[in-house]
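Residue numbers for the sequence shown follow the numbering used here, so the first one is 34 and each next one is one higher.
We put the beta carbon where it would ideally sit given N, CA and C, even for glycine.
Below is one structure; the comments refer to it alone.
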Amino acid sequence: MPCSSSHRRVGWGGGARSPKAGHTHIPAPSLQGEDFILCKFSASHTQLPSVTDCWNSCPCSSLFPRKGPRREDLPEVLSAPLPGLGVEHRGAANLCLGVFTQGAVCHPSGWLLFGGLEAPGPWGHPGWPLSLSLAFPRHNDLPWQLLTRFNNQLQVEAANLTSLTHTHTNIPKLKAGFVGGQFWSAYTPCDTQNKDAVKRTLEQIDVIHRMCQMYPETFVCVTNSTGIRQAFQEGKIASLVGVEGGHSIDSSLGVLRTLYHLGMRYMTLTHSCNTPWADNWLVDTGEDKGESQGLSPFGQRVVKEMNRLGVIIDLAHVSVSTMKDALSLSKAPVLFSHSSAYSLCQHRRNVPDDVLQLVNQTGSLVMVNFYNDYVSCKKEATLSQVADHLDHIKKVAGAGAVGFGGDFDGVSRLPLGLEDVSKYPDLVAELLRRQWTEAEVRGVLANNLLRVFEAVERVSDHTQTPEEEPISLDKLQDSCRTNYGYSEAPSFHHQPRVLLASLTTVLLGLCLL
């Protein structure tokens, strides 16, 4: 089926499909911008299709043999090696494009990415036009699964991420879901607060770094928006660290800064427990008592220091008062890394409409959680209901204020149709069916998150004097901690006197024996 003079055609490979399923029409003027074309490689073809304008009716069907020239017959500019394209793929790419660019790279999922072009995404849903960015969901708890199942021993055979079973996430599923970036959660439970939370958090950050080290062909650990874009270009999954719970810093600005230097780029102010400086969502249910009425003065210093460093403030899990305090105080946009719309499911982990309006006013972002209990308020939920939450947040806060949060491998129940990370394409197809524009879908996939990240980076200022005032000693549980640095603690030059007094007592006792 030839294209009109105002269109070019893109053929998707990867199996015997009908001619109609093998290509999609896109307007030629849309071949602009900074997005990517994804084209599936086919090992079954040894020829490139005819590289001509589609108005000359180049054959794009993956069902029939190619009529176009072999690779060695193509113009020199097209037969030159393409950056990032493996030798085994050159000359065997099953695609029909009217335009080639030198920005082509091979993504590990097996899809060819053309920087600077736009084309429909190969979602297995022929006819859905989509100028696609790779998916960049916000929140994934795979590191927690690696801890609880393998004690963080990544070299045991069962922990191999290429064949990992009984999890929502592994490398093949990430590739099938076209995941191009991921914030991995460095999570430690609330029962580690005032105990070994910092140690546990460091170990989970270490796991994320080792994932990148063990699978360098798939993951690359990055710490900024430039690194994310570079990872996209290199065809790797940009991997970043998110710390899920303010108890991980043990009420220490020094620990906050140290985690930043280890790669942390977002921190959830609370998990499902209060910190000594911020209230969590259970305060709104009455299950926890409010201690800070939102953010305490020290909590405000934490927010300011996160702004200074360039750490994204995450308001998932916090109380409504904490949400409003942080949205009012932060100089940069904030996000909800895995929360849904309260109007559709009256669960206090979700975001009410008055807060969504503040999200709109501050340029912030809500990443929708897929956990059934937050989607339908029942044990069962569907992909369509997740799309309802996306629709609602878009309506109240704007299309630029919504993204995919996921929470894969951190929850026990997921919607029908969103069982693991490979299912993102089906959710995209549902949004397109609901008449979301291509720009809106690109936003929900990655661009909205990149916008927030870049805004946080612009606000950061490492030349500014760091916050230094510690939390009040009376706010801390002291059963497992010392108090050096506080006025009540003995100074260094006093400590030998204490030791001498103790020794004197012992010596006197010995003399009396």
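Sheet register partners of residue i (DSSP bridge)
i	result
W217	N173 and V274
I345	Y299
A311	T308 and L328
L368	D347 and L398
C254	S272
L449	T415
F211	F211 pairs with nothing; no bridge assigned.
G436	M400
A168	V212
V485	Answer by DSSP bridge pairing: none, since V485 is not bridged.
Contact test: residue i Cβ vs the ligand GTP heavy atom, cutoff 7 Å
i	result
W314	No copy of the ligand GTP occurs in the structure displayed, which carries no ligand at all.
Between the CA atoms of residue j and residue i - distance to the nearest angstrom
i	j	result
S455	L391	33 Å
A219	V253	16 Å
F403	Y517	44 Å
C378	T496	44 Å
L506	P205	49 Å
K322	V477	35 Å
T470	L464	9 Å
A462	E452	16 Å
S524	T515	Reliability fails at S524, whose pLDDT of 49 lies under 50, so the model's placement of it is uncertain and the value that follows must be treated cautiously. Rounded to whole angstroms, S524 to T515 spans 13 Å at the Cα level.
L315	T198	33 Å
G431	P170	18 Å
W310	S361	16 Å
V335	Q510	19 Å
R491	K337	14 Å
Q326	S354	6 Å
K508	E267	47 Å
D229	D283	9 Å
T221	A209	29 Å
S329	P503	12 Å
S493	Q186	36 Å
N193	I238	18 Å
E413	Q226	32 Å
A191	K364	45 Å
H304	S370	12 Å
Status (buried if at least 16 other CB within 10 Å, exposed otherwise) for residue i
i	result
S520	exposed
L449	exposed
V189	exposed
S352	buried
A479	buried
A349	buried
T472	In the sequence under discussion, the amino acid at residue 472 is Ala, which differs from the Thr named in the question. A472 is exposed by the Cβ-count criterion.
N313	buried
N203	buried
S196	exposed
K232	exposed
N481	buried
T251	buried
T498	exposed
G279	buried
N307	buried
Q468	exposed
P249	exposed
Residue nearest to residue i in terms of C-alpha spacing, selected from the options
i	options	result
V485	H294, P366, V474 and H495	P366
Y293	D507, S284 and G275	G275
D317	M356, D283 and G332	M356
Y299	G431, D347 and K269	D347
D386	L398, T221, V429 and H380	V429
F31	I504, E338 and M400	Outside the displayed span of the chain (34 to 546) sits residue 31, for which this structure offers no information.
V408	K427, R467 and H380	H380
N405	L416, V388 and G396	L416
M297	D283, H304, E277 and N307	E277
V604	K427, W217, T256 and K411	Outside the shown range of the chain, which is 34 to 546, sits residue 604, and nothing can be said about it.
T200	L187, F211, G214 and R182	R182
Q215	A192, V255 and P499	V255
E22	I504, L398 and Q418	With the chain running from 34 to 546 in the structure shown, residue 22 is simply not present.
C223	E502, T301, P330 and W217	T301
V474	I238, V435 and L286	V435
G332	T234, L235 and D358	D358
L273	W217, Q226 and E324	W217
K269	T308, L447, G213 and Q418	G213
T395	C410, K412, L286 and L368	L368
A271	R467, L235 and L167	L167
N393	R382, S370, G433 and K411	G433
K411	L180, R382, R446 and L483	R446
*Is it true that the segment 438-456 meets the segment 171-179, where meeting means three or more beta-carbon pairs spaced less than 8 Å apart?*
yes
(message) Between the segment 365-380 and the segment 419-438, can you find at least three pairs of beta-carbon atoms closer than 8 Å?
(response) yes
Could you check whether the segment 260-267 touches the segment 240-247, counting it as contact only if at least three pairs of C-beta atoms, one from each stretch, sit closer than 8 Å?
no
- Determine contact between the segment 289-308 and the segment 329-342, defined as no fewer than three beta-carbon pairs at a distance below 8 Å. yes
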